[in-house]
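Numbering (the numbering used here), first residue to last: -15 to 78.
For glycine and all other residues, C-beta sits at the position ideal for the given N, C-alpha and C.
The model shown is predicted, which means the values in this text are computed figures rather than measured ones.
Okay, structure first, notes after.
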(Lines of atoms letter the chains of each structure in order from A and count residues from 1; the text may use other names and numbers.)
(Lines give C-alpha, C1' and ligand atoms only; values in the text may rest on other atoms or scores of the structure.)
Protein backbone atom coordinates (compact mmCIF):
# COMPACT_ATOMS: atom_id res chain seq x y z
CA UNK A 1 0.00 0.00 0.00
CA UNK A 2 1.31 3.44 -0.89
CA UNK A 3 1.80 6.01 1.86
CA UNK A 4 -0.32 9.13 1.36
CA UNK A 5 0.52 12.73 2.20
CA UNK A 6 -2.20 12.69 4.88
CA UNK A 7 -0.61 9.67 6.59
CA UNK A 8 2.86 11.18 6.28
CA UNK A 9 1.75 14.49 7.83
CA UNK A 10 0.70 12.64 11.00
CA UNK A 11 4.17 11.14 11.51
CA UNK A 12 6.73 12.85 13.76
CA UNK A 13 10.11 13.93 12.43
CA UNK A 14 12.84 11.30 12.61
CA UNK A 15 13.00 7.72 11.38
CA UNK A 16 9.58 6.81 10.00
CA UNK A 17 10.30 3.48 8.30
CA UNK A 18 12.98 0.81 8.04
CA UNK A 19 13.35 -2.41 6.13
CA UNK A 20 15.44 -4.73 4.04
CA UNK A 21 15.55 -4.79 0.24
CA UNK A 22 17.48 -6.94 -2.19
CA UNK A 23 20.69 -5.55 -3.62
CA UNK A 24 19.73 -6.34 -7.19
CA UNK A 25 18.23 -4.75 -10.29
CA UNK A 26 14.76 -5.71 -9.03
CA UNK A 27 15.37 -4.20 -5.58
CA UNK A 28 17.82 -1.41 -4.95
CA UNK A 29 21.04 -1.87 -6.87
CA UNK A 30 23.36 0.35 -4.83
CA UNK A 31 26.47 -1.83 -5.08
CA UNK A 32 27.63 -4.62 -7.33
CA UNK A 33 29.32 -6.34 -4.40
CA UNK A 34 28.11 -9.91 -4.65
CA UNK A 35 28.79 -10.42 -0.95
CA UNK A 36 25.98 -8.00 -0.06
CA UNK A 37 22.73 -9.68 -1.17
CA UNK A 38 20.51 -7.35 0.86
CA UNK A 39 20.58 -3.71 1.95
CA UNK A 40 18.85 -2.04 4.86
CA UNK A 41 16.96 1.17 4.27
CA UNK A 42 15.90 3.94 6.61
CA UNK A 43 13.31 6.59 5.75
CA UNK A 44 13.88 9.87 7.56
CA UNK A 45 11.41 12.74 7.83
CA UNK A 46 12.42 16.27 8.75
CA UNK A 47 10.56 19.60 8.63
CA UNK A 48 11.54 20.11 4.98
CA UNK A 49 10.76 16.69 3.47
CA UNK A 50 12.01 13.12 3.58
CA UNK A 51 14.85 10.89 2.32
CA UNK A 52 15.71 7.22 1.98
CA UNK A 53 19.17 6.08 3.07
CA UNK A 54 20.64 2.67 2.30
CA UNK A 55 23.32 0.76 4.18
CA UNK A 56 24.68 -2.67 5.00
CA UNK A 57 22.91 -5.13 7.27
CA UNK A 58 25.72 -4.90 9.82
CA UNK A 59 24.91 -1.20 10.40
CA UNK A 60 22.20 -0.10 12.81
CA UNK A 61 19.38 2.18 11.66
CA UNK A 62 20.89 5.26 13.30
CA UNK A 63 24.20 4.73 11.50
CA UNK A 64 22.38 4.38 8.20
CA UNK A 65 20.26 7.47 8.86
CA UNK A 66 23.40 9.52 9.55
CA UNK A 67 25.94 8.07 7.13
CA UNK A 68 24.02 5.87 4.70
CA UNK A 69 23.86 6.29 0.95
CA UNK A 70 21.03 8.61 -0.02
CA UNK A 71 19.28 7.46 -3.15
CA UNK A 72 18.28 9.79 -5.97
CA UNK A 73 16.81 6.99 -8.09
CA UNK A 74 13.03 7.26 -8.05
CA UNK A 75 12.62 3.54 -8.71
CA UNK A 76 14.75 2.60 -5.68
CA UNK A 77 13.06 5.20 -3.48
CA UNK A 78 9.57 4.02 -4.35
CA UNK A 79 10.48 0.36 -3.90
CA UNK A 80 11.69 1.08 -0.37
CA UNK A 81 8.91 3.53 0.50
CA UNK A 82 5.89 3.21 -1.78
CA UNK A 83 4.10 6.55 -1.84
CA UNK A 84 1.69 8.65 -3.82
CA UNK A 85 2.98 11.14 -6.40
CA UNK A 86 1.92 13.97 -4.08
CA UNK A 87 4.10 12.64 -1.26
CA UNK A 88 7.01 11.84 -3.60
CA UNK A 89 7.22 15.55 -4.49
CA UNK A 90 8.49 16.16 -0.90
CA UNK A 91 11.50 13.88 -1.44
CA UNK A 92 14.77 15.73 -0.89
CA UNK A 93 17.09 14.43 -3.58
CA UNK A 94 19.90 16.94 -3.20
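Beta-carbon proximity list for residue i, same chain, < 7 Å, skipping 5 on both sides
i, result
"residue 11", "5 and 63"
"residue 60", "12"
"residue 71", "-13, -12, -11 and -8"
Check whether residue i and residue j have beta carbons under 8 Å apart
i, j, result
"residue 36", "residue -1", "no"
"residue 13", "residue 19", "no"
"residue -3", "residue 42", "no"
Nonlocal neighbours in the same chain, by C-beta distance under 8 Å from residue i, ignoring five residues either side
i, result
"residue 67", "-14, -13, -12 and -8"
"residue 73", "none"
"residue 53", "14, 37, 38 and 39"
Among the options, the one whose alpha carbon lies nearest that of residue i
i, options, result
"residue 9", "50, 3 and 23", "23"
"residue 57", "45, 65 and 48", "65"
Limits of the beta strand (DSSP E) - the one that residue i falls within
i, result
"residue 74", "Run containing residue 74: none; DSSP gives neither H nor E here."
"residue 23", "22 to 30"
"residue 2", "-2 to 6"
Close beta carbons around residue i, own chain, < 6 Å, minus the five adjacent residues each side
i, result
"residue 76", "33 and 35"
"residue 2", "26 and 45"
Where the alpha helix (DSSP H) containing residue i begins and where it ends
i, result
"residue 42", "Where residue 42 is concerned, there is no enclosing alpha helix (DSSP H), given that its DSSP letter is neither H nor E."
"residue -10", "-11 to -7"
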